[in-house]
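Residue numbers (the numbering used here): 36 to 236. Glycine included, every Cβ here is placed at the ideal spot set by N, Cα and C. The structure displayed is predicted, hence computed values, not measured ones. What follows is a set of notes on a single structure, which appears directly below.
Structure, rendered in structure tokens:
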């Protein structure tokens, strides 16, 4: 939290929010395991699509894809930096979108939120454009060194409660991707400066 540019007072508040969110969930025993390409329950083809989360899976039943949180109508799934959770992040998400895009014969997508998707390839193109626009916005802001917190406020506007954390994580994921492409680099830190600032090279 310190490295993203949040004040010490806010760090405590966000940490408390994070812990409350984590307490809402509990682990459960695994019923069975499967691998990509497996036929699950005798009918569904399993397709591993990391990005939104490391174990994200879509299930194909004929010409219908249960796209879970991977491809959603009207919204783009939340992404976190891979350095926090392996197999997440923008790079993996884009690879997984390409995997679904290559599937032939899909008539309908049913996501975990919102309504049905009648044009999966069209929706994937829209999601890709959204991320490309977000990247362009971040790059335009980073002509001068900027913190994750500053960029998050610029890109996502004023958000509250757990949405602050989601916006920070999403911004971090976008910065991580732009860094791997060489489009952004960490700026030289000031003396005794724990905050990382990002800038175009």
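- Only residues of its own chain outside the window of five on either side were considered, and among them 108 have a CB closer than 7 Å to the CB of residue 150, listed in chain order.
- A Cβ-Cβ separation of about 7 Å places residue 135 in contact with residue 93 under the 8 Å criterion.
- Only exposed fits residue 217, as fewer than 16 other CB atoms lie within 10 angstroms of its CB.
- According to the DSSP assignment, residue 103 belongs to the beta strand (DSSP E) that extends over 99 to 103.
- With a beta-carbon spacing of about 6 Å, residue 116 and residue 124 fall inside the 8 Å limit used to define contacts.
- Annotated as distal: residue 143 and residue 82, with beta-carbon spacing of 9 Å or more.
- Counting along the chain, residue 82 sits inside the beta strand (DSSP E) bounded by residues 79 to 83.
- Look at residue 41 here: in three-state DSSP terms it is coil, with no helix or strand label.
- Residue environment for residue 39: buried (at least 16 other C-beta atoms within 10 angstroms of its C-beta).
- In this structure, residue 182 lies near residue 230, with their beta-carbon atoms less than 9 Å apart.
- Scanning the region 129 to 158 from its first residue to its last, the whole beta strand (DSSP E) runs of 3-plus residues come out as 143 to 146.
- Closest in alpha carbon position to residue 52, among 207, 195, 133 and 205, is 195.
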